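As structure tokens, the structure follows; a few thoughts come after it.
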Amino acid sequence: MTDDRTNPDASDLGAPDHDAPDPGAADRRAPDRHAPDRHAPDPAAAGRRAPDAHAGSHRSSQRPARRSWAEPWKIKMVEHLKMTTPEERRRAIEEAGYNTFLLRSEDVYIDLLTDSGTSAMSDRQWAGMMLGDEAYAGSRNFYHLEETVRDVYGYRYVVPTHQGRGAEHILSQILIKEGDVVPGNMYFTTTRLHQELAGGGFIDVICDQAHEPASEFPFKGDVDLYKLQKVIDDYGPDRIPYVCIATAVNMAGGQPISLGNLREVRALCDRYGISIIHDATRVAENAYFCQVREPECADMTIAEIVRALCDLTDGATMSAKKDALVNIGGFLALNDEPTYRAAQNMCVVYEGLHTYGGMAGRDMEAVAIGLRESVEFDHIRARVGQVEYLGQKLVDWGIPVVRPIGGHAVFLDARAILEHLDQDEYPAQALAAEIYLEAGIRAMERGNVSSGRDPQTGKNRRPKLELVRLTIPRRVYTQAHMDVTAEAVAEVYDHRTQVRGLEMVFEPQYLRFFQARFRPLA
Ligand code: P71
1 MTDDRTNPDA SDLGAPDHDA PDPGAADRRA PDRHAPDRHA PDPAAAGRRA
51 PDAHAGSHRS SQRPARRSWA EPWKIKMVEH LKMTTPEERR RAIEEAGYNT
101 FLLRSEDVYI DLLTDSGTSA MSDRQWAGMM LGDEAYAGSR NFYHLEETVR
151 DVYGYRYVVP THQGRGAEHI LSQILIKEGD VVPGNMYFTT TRLHQELAGG
201 GFIDVICDQA HEPASEFPFK GDVDLYKLQK VIDDYGPDRI PYVCIATAVN
251 MAGGQPISLG NLREVRALCD RYGISIIHDA TRVAENAYFC QVREPECADM
301 TIAEIVRALC DLTDGATMSA KKDALVNIGG FLALNDEPTY RAAQNMCVVY
351 EGLHTYGGMA GRDMEAVAIG LRESVEFDHI RARVGQVEYL GQKLVDWGIP
401 VVRPIGGHAV FLDARAILEH LDQDEYPAQA LAAEIYLEAG IRAMERGNVS
451 SGRDPQTGKN RRPKLELVRL TIPRRVYTQA HMDVTAEAVA EVYDHRTQVR
501 GLEMVFEPQY LRFFQARFRP LA
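The sequence shown runs contiguously to residue 522 in our numbering.
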């Protein structure tokens, strides 16, 4: 452990196999920005592990190591934001039934609802859009995408879909039968719904630390192997079509699974002939955390770690709207040919022909280029670094957030902030509405509303994590936007005892959080 650590999360990480999580080390391996290959859009070079900043340097050894870094891009086009008055925001949130999903984006100043489809594409991606081959069948952009997925992720077969849930739908319908169970490292809303609609049930096998917002465990995405073993013992391998493993686990706070843990999951599954399906939506962010926290990954490139994670699994569902830096798109990737053939056939029923699956040719081109950019070290460091910057401000000011700070978002612990509210008064929903009222900043509820009702009991699930997610789009907002956000959250924190709970006045049947309406309790 070196002495110039910058990341407070690096302290107190005791587990021996997760030792030496020194993010500062990644900074210190910062490349010489003037080296010619750093400017070349060469995907192979881009993913290379950054060399020591001092190696071969002409600078004197007395000077401190260069520690500062910035985004590896500059801004070419800007989009104007609208500022609103408190009265305008009051009207807007009432009209939206206190649900930030129902606000018009025009009425939002800084939009941290999601990092999904909200990132800025690069000039290379925009140039790729012009190469769109809009043929109904056999578009060359599909073949480019297929080749890129094979190269970056290593899966053999690719079925394009309109977005992530399209892939989840097809996969669930093909592999899950009535009465099956799907163990996974925490639920995701759409993933679990598709498993349930196919007749299966989701069983959470994530480690206990994932459910503790204050735990500093560095790999909260890890599977608890005892829990997984118990599911296998209780149900038998024949009722487990696959184990669903997410990288950078969204609902746990964007928390990584370690390569070492995934290898153990693989070994356990192999003993029973069970497949592993990877939710690869944010695998590059996960790989960054492996690089800085997991000793065996310290000398691997982001691209190599991504590949190593994927190689331990049999297939993947992908929402390209996150890591892959596009506004729309996704795919299902598989290694098993019969499953692939079945998925291709389902694709023509629900998505579109198997060489476009709901995407335009230009969209597939943008995904292919974005996938390469997603595994560039400078990109991913700046992306995760910006999230860390916002999170650290809130931590410094004593505001309860999920620790360690995740890869795509800062998650406020609404239960700890609004202690005076019962969970059935929807504290996270109320906090998200309050942050909007305060500053026009839009966040997302990730708690009792998102978790929904238990299909057996019909009661609210009351999950342990009652969170508000400040989600950072990639390459969109500046550090000043992060400052404004932190200050607004601090203002709300200061008057937290005055925030009232909510009652739900309209509840849709599926994924209720999208369209539910609320009103403040008296
Ligand atoms: C996010 C989203 C988008 C979203 C979805 C549902 C409710 C609210 C917001 C989407 C994911 C995801 C993971 C890990 C699959 C999907 C579905 N996330 N897996 O975080 O995070 O992908 O949206 O492209 O259909 O805001 P899709």
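The beta carbon of each residue, even a glycine, is placed where N, CA and C say it ideally should be. All figures in this text were calculated on a predicted structure; none of them were measured in a lab.
Note on T85: under 16 other CB atoms within 10 angstroms of its CB, so exposed under the neighbour-count rule. Counting the other Cβ atoms within 10 Å of the Cβ of K459 gives fewer than 16, which makes it exposed. Counting only heavy atoms of the ligand P71, the residues whose C-beta sits closer than 6 Å to one of them are, along the chain, T114, S116, Q163, G164, R165, F188, T189, T190, T191, A246, N250, D279, T281, S319, K321, G330. The C-beta of S319 has 16 or more other C-beta atoms within 10 Å across all chains shown, which makes the residue buried.
When only Cα atoms are considered, D107 and I441 end up about 9 Å apart. Inclusion of R475 and A120 in the CB contact set at 8 Å is warranted, their separation being smaller than that value. By the criterion of a C-beta distance shorter than 6 Å, G201 is surrounded in its chain by V181, once the five residues flanking it on both sides are discounted.
Counting of Cβ neighbours within 10 angstroms places G253 among the buried residues, the total reaching 16 or more. Boundaries of the beta strand (DSSP E) harbouring E503: 502-506, taken from the DSSP string. According to the DSSP secondary-structure assignment, S116 is paired through a beta bridge with no residue.
Sequence-distant Cβ neighbours of A135 in its own chain, meaning closer than 8 Å and more than five residues away, are G361. Around the beta carbon of T478, a 10 Å sphere encloses fewer than 16 other beta carbons of the protein chains shown; the residue is thus reported as exposed. Excluding its 5 nearest sequence neighbours in each direction, K76 has C-beta neighbours in its own chain below 7 Å: D123, listed in chain order. Sorting Q456, P213, P295, H481 by C-alpha distance to the C-alpha of G447 places P213 at the top.
When DSSP states are grouped into helix, strand and coil, D151 belongs to the helix group. Taking C-beta separations shorter than 7 Å and ignoring five residues to either side along the sequence, the partners of Q291 in its chain run A26, C297, A298, M300, I302, I305, following chain order. Here V375 carries a coil assignment [DSSP, helix/strand/coil]. Sequence-distant Cβ neighbours of A432 in its own chain, meaning closer than 6 Å and more than five residues away, are T100, A443, E445, V468.
Proximity to P463 across T191, E95, A210 peaks at A210, based on C-alpha coordinates. Counting the other Cβ atoms within 10 Å of the Cβ of R165 gives 16 or more, which makes it buried. As computed with DSSP, R446 is found in a beta bridge with L467. Of the candidates A490, G406, G132, D422, the residue whose Cα lies closest to the Cα of E216 is G406. Counting along the chain, M318 sits inside the beta strand (DSSP E) bounded by residues 315-319.
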